[in-house]
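S.K.: First, the structure itself, so that you have it in front of you.
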Amino acid sequence: MARRMRLRDRIALRRAQAAERRDRKPEPPPEPRIEIALRKAGSIGALERLAGIGPDPASRALFWMAFSSLPARECLDAGCEELRRRARLAAA
Numbered sequence: 298m299a300r301r302m303r304l305r306d307r308i309a310l311r312r313a314q315a316a317e318r319r320d321r322k323p324e325p326p327p328e329p330r331i332e333i334a335l336r337k338a339g340s341i342g343a344l345e346r347l348a349g350i351g352p353d354p355a356s357r358a359l360f361w362m363a364f365s366s367l368p369a370r371e372c373l374d375a376g377c378e379e380l381r382r383r384a385r386l387a388a389a
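Numbering (the numbering used here), first residue to last: 298 to 389.
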C-alpha cells in the first residue's frame, strides 16, 4: 500500500511540474545595449555623444539649428528624439 502511495505521489508531482512548465511565461529578449545607454543618458550632451554629434560648438549648433523654428519645449523634444534616432542608427 505504501508503495502505491509513493507512485501516486510521483505521478502527481510530475503532472504538477509539467503544468508549471506549460504555464511559465517565456523570458523577454535581452534589451539592446543602445537602449540601456539611451535610458542612462543624463544630459543632452550625453545624447549628442551617443548620436555622434561632434563636441565642438559648430557641430552642435548645426544640429540644433534645424529645430530652432519650433517653440522651446517642442525644440528640445524633437531634437532629443532625433538624437535618439541617430544613436540607434549608429549602433545598428
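Glycine residues also receive a C-beta, built at the ideal position from the N, C-alpha and C atoms.
Here the structure is a predicted model, which is why all the values come from computation and not from measurement.
Going straight from the alpha carbon of TRP361 to that of LEU373, what length do you get?
M.R.: Approximately 9 Å, taken between the alpha carbons.
S.K.: Given this structure, state the Cα-to-Cα distance separating PRO354 from LEU335, to the nearest angstrom.
M.R.: The straight-line gap from Cα to Cα measures roughly 22 Å.
S.K.: Assuming LEU347 contacts ALA358 under a Cβ cut-off of 8 Å, what Cβ separation, rounded to an integer in Å, is found between them?
M.R.: Their Cβ separation, rounded to whole angstroms, is 19 Å, which puts LEU347 and ALA358 out of contact at 8 Å.
S.K.: If you follow the alpha helix (DSSP H) that ARG421 is part of, which residue opens it and which one closes it?
M.R.: The question about residue 421 has no answer here: the residues shown for the chain are numbered 298 through 389.
S.K.: What does the alpha-carbon distance come out to for the pair LEU310 and GLU328?
M.R.: Straight-line Cα distance between these residues: approximately 35 Å.
S.K.: With a 10 Å radius around its C-beta and 16 neighbouring C-beta atoms as the bar for buried, classify LEU344 as buried or exposed.
M.R.: Burial call: buried.
S.K.: Would you identify the three-state DSSP class for ILE341, choosing helix, strand or coil?
M.R.: Reduced to three states, the DSSP call for ILE341 is helix.
S.K.: What is the DSSP secondary structure of ASP353, reduced to helix, strand or coil?
M.R.: Correct three-state label for ASP353: coil.
S.K.: Just verifying my parser: in three-state terms, what is the DSSP assignment at ALA389?
M.R.: Here ALA389 sits in coil by DSSP.
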